[in-house]
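Residues 1 to 139 (full-length UniProt numbering) are what the sequence shown spells out, left to right. We treat Cβ as the ideally placed atom computed from N, Cα and C, and that holds for glycine. A quick note: this is a predicted structure, and the numbers were derived from the prediction, not measured.
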Amino acid sequence: MGSTDVSPQMAFARFVRRAIDDAREERGWTVTDLATHTGVGRSTVFRWLAGDWQDYPELAKVRGFCAALDLPVAAAFRALGLPDAGSVPRRRGAEDGPVEADVRVILDRLADPNVPAEEKHHIRDLLRYLARRPVRRAG
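Below, the structure written as C-alpha cells:
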C-alpha cells in the first residue's frame, strides 16, 4: 500500500481524530461529552478511531456526529470512500413521493442527536424486521 493508498478505516479514523481534537480545543469536550452531544457511544467513537470495523459505520450515526460538531457530512463520507455524500437515491417516479418523504423523516430521526439512543434502537429493530418480512402479493 503506497502513501496515497489509504484504507477507508484509516481515512475515517483520521477524520474522527481531527473532529475530537477540534471539539476538545474549541469546546472543551471530552470523549464522553462528544458521545453525549453526538448520540454516538464512546465505544463506537473508539472503534472509529481504531479503524476497528469491517462493515461501514451506520450512516445515521456519522450524520449525527457531523451535525453535532458542525462538520460537513460530505467530508466524513469522502473519508469513508462513499460517493455523493451517501445521499438517498433520487426519485424514480411521482408515485415514490410520499414513501420518500416518510423515509426521509426516519433517516432524519436516526441522524438527530436529540433523539434518544433507545428510540433509535427501536426504529432500527423495526426496520430490520420489515426488511426480512416476506412480501405478500395482492390477489
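- By the CB criterion at 8 Å, arginine 109 and valine 115 fall inside the cutoff.
- Arginine 104 and alanine 111 have their alpha carbons spaced roughly 10 Å apart.
- Sorting Val135, Val16, Thr38 and Arg27 by C-alpha distance to the C-alpha of lysine 61 places Thr38 at the top.
- For threonine 36, the enclosing alpha helix (DSSP H) starts and ends at 31-38.
- Relative to glycine 51, the option among Ala74, Pro8, Leu82 and Phe65 whose CA is nearest is Pro8.
- In terms of Cβ geometry, glycine 64 and valine 31 do not form a close pair [threshold 8 Å].
- DSSP places glutamine 9 in the uninterrupted alpha helix (DSSP H) bounded by 8-27.
- DSSP places aspartate 108 in the helix class (H, G or I) of the three-state scheme.
- Take the alpha-carbon of arginine 42 and the one of leucine 69: they are about 15 Å apart.
- When the five nearest sequence neighbours on each side are left out, the beta carbons in the same chain lying within less than 7 Å of the beta carbon of threonine 44 are those of Lys61, in order along the chain.
- In the three-state DSSP reduction, alanine 101 falls in the helix class (H, G or I).
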